[in-house]
Amino acid sequence: MVVVASASTSVAAELGFGFGLERKAFGERSRIKTVWRRRTSKSRELKEEEPDDFGREEDDVVAGREEDSEEDDVVEEDTMLGRREYIRSNEASHSSQSLNLCVPYISHIVRVFIEIMAPTGKVSTEHVIQAPVSKWFNLYAKQLHDVQNIAEIVHHTKLHEGDDWHGTDSVKQWTYVIHGKVTTAKERIETIDESNKTITYILFDGDIEKDYKVLKVIFQVAEKDNGSGTVKWTIEYEKINENIEPPYGYLDCYTKVTKDVDAHLLKA
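Under full-length UniProt numbering, the final residue of the sequence shown carries the number 268; numbering is consecutive throughout.
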């Protein structure tokens, strides 16, 4: 009996303890349900108030986006204006550079046009020579008659008036080639400047008078620092009318004579 009582007491104790746990668990569940109901109620209240605040926030965001968009438009517009200004600036710069490049050519064309149309003018050509300057000047100042035997383009020369080939009162007759055509002219020495190694000749009559009233040819040789020298031919002219071109053919003639004479003097 003792054992049974003990067992009953033990069973009763276990059953009581179990009921206590069940009651405790039920109370916990009730408490959780209550808390959940309160939270759910509060959440509903928040949801009812949320649309206005959310709407205002969304409006603010949209407004902010519009402001950002306006700012972007302004920035983009400024950028486009900047690009246009940059393009205009570059176009102006390129135009200025192109104009600067064209100016020398335009100036040259204008000078050539004026030179061609002007009744009077001056043309010249200059060449480097290898033979001594003294030999060059001596040939033209004292041995002018030898040029016909040196330059292929000069066919013939003879004394027309006077006794001295190098006197200022003597006149010589020349036959030479200009533009592939045999040409004649008379020549006399106007001045001889030994200190500057310069001689001035006057060409007239013959084929000269068909195109020019007068041709003045200035011959000048000069020494360079490196030991070489130069010969310069300058022609001052007066045309009979504006349709005649400057005496470029004579410059070509003197260029060919220069090559032949320089080669000859180097051998002499």
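Every residue gets a Cβ at the ideal spot worked out from N, C-alpha and C, and that includes glycine.
Beta-carbon gap between residue i and residue j smaller than 9 Å
i, j, result
"V182", "V257", "no"
"I199", "S124", "no"
"I240", "Y201", "no"
"K135", "A263", "no"
"P246", "G167", "no"
Range covered by the beta strand (DSSP E) that runs through residue i
i, result
"A185", "181-193"
Reference residue i; option with closest CA among the options
i, options, result
"E238", "V231, T168, L203, T191", "L203"
"W165", "T184, A141, T120", "A141"
"L266", "G121, E126, Q130, S195", "Q130"
"H145", "T168, V128, W174", "W174"
"L251", "E126, P119, Q143, T168", "E126"
"E194", "E161, F219, K224, D205", "F219"
"P132", "V214, K224, K216, T168", "K224"
"E161", "I189, E245, Y176", "I189"
"V177", "H156, D163, V214", "H156"
Contact belief for residue i with residue j at Cβ below 8 Å, rounded distance in angstroms
i, j, result
"K197", "A222", "7 Å"
"Y254", "W233", "4 Å"
"A151", "V261", "6 Å"
"K186", "V171", "5 Å"
"T184", "D207", "6 Å"
"P119", "E209", "With a Cβ gap of about 15 Å, P119 and E209 do not count as contacting."
"S228", "V147", "With a Cβ gap of about 22 Å, S228 and V147 do not count as contacting."
Q.
Going residue by residue through the UniProt domain "Bet v I/Major latex protein" (118-268), where are the continuous beta strand (DSSP E) segments of at least 3 residues, counting only ones entirely within it?
A. 120-129, 154-161, 171-178, 181-193, 198-204, 212-223, 229-239, all fully within the UniProt domain "Bet v I/Major latex protein" (118-268).
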